[in-house]
Amino acid sequence: MEKIAVFPGSFDPFTIGHESIVRRGLQLFDKIIVAIGTNTDKTDYFPLETRMKWIKKVFEDEPRIKVDSYNSLTVNYCKKMKARYLLRGLRTAADFEYERVIAQVNHAMEKEIEVVFLLTLPEHTFINSTVVREVIKFGGDARKFLPEAIDLTEMRP
Ligand code: ADP
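And the structure:
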């Protein structure tokens, strides 16, 4: 059976930390769906269409990666896509506590779905979308935190 994983997130914007988790995930799964979900605690900075376009561009040479969006419960979206795995990245102990609760709730709702965590590369530990957004907002050079395929001139919300 094809091993399909969903990598859910806000990706506002998609960083080299996210890219690394997805590329490493390809060693574990046949197909990965990078899925932009509606996070009720977060307000979008970059429009959904822009984020989708950027992520598609990052993985345009990789047919095993799909990009999508959803606005339902993540486990229901996984079922719809026939994905049995949720892929998440872990940077710090704070990430672990946050992820643990979500993963356990998801698993309680849908026993079939396993959450798989990849520990971030040490050099990506400090990279997060919130900080990258701040750098961009205040005119700093955020290129070193973003995949090469993302064009900074389009970095306007
Ligand atoms: P969410 O709103 O669901 O937290 P994010 O876009 O912030 O979405 O993150 C999506 C996933 O990517 C999460 O599992 C997060 O821990 C992981 N992630 C974010 N930044 C990094 C990074 N620098 N290295 C590894 N994983 C990361």
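Plus 266 on top of the position in the sequence shown (first one is 1) and you've got the numbering used here.
Even glycine gets a Cβ: it sits at the ideal position worked out from N, Cα and C.
Treat the numbers as computed from the prediction; the structure is a model and nothing was measured.
So the candidates are Met375, Thr340, Lys345, Thr391; which of them puts its Cα closest to the Cα of Leu492? Missing from the structure shown is residue 492; the chain here goes from 267 to 423 and no further.
Excluding the five sequence neighbours on either side, which residues of its own chain have a C-beta within less than 8 Å of the C-beta of Val398, listed in chain order? For this step, residue 398 is matched to residue 132 along the sequence shown. If we look at Val398 and ignore the five residues flanking it on each side, its Cβ neighbours are Pro279, Thr281, Ala408, Phe411, Leu412.
Which runs of the alpha helix (DSSP H) fall wholly inside the segment 324 to 399 and span at least 4 residues, in chain order? Listed in chain order, they are 340 to 346, 359 to 375.
Considering only DSSP beta bridges, list what Ala301 is partnered with. The residue you call residue 301 lines up with position 35 of the sequence shown. Beta-bridge annotation (DSSP): Ala301 is paired with Pro274, Asp334.
Please determine if the segment 359 to 367 and the segment 340 to 348 are in contact, where contact requires at least 3 C-beta pairs separated by less than 8 Å. With contact defined as three or more Cβ pairs closer than 8 Å, the segment 359 to 367 and the segment 340 to 348 are not in contact.
Skipping 5 residues on each side, what residues in its chain have a beta carbon closer than 6 Å to that of Leu353? Sequence index remark: in the sequence shown, residue 353 carries index 87 (1-based). These residues qualify, in order along the chain: Ala271, Phe273, Gly291, Val382.
Report all residues from its chain with a CB closer than 6 Å to the CB of Val333; omit the five preceding and five following residues, and keep chain order. Stepping through the sequence shown from its first residue, residue 333 is reached at position 67. Taking Val333 as the centre and dropping the five residues before and after it, the same chain places the C-beta of Val300, Met318, Ile321, Lys322 closer than 6 Å to its C-beta, in chain order.
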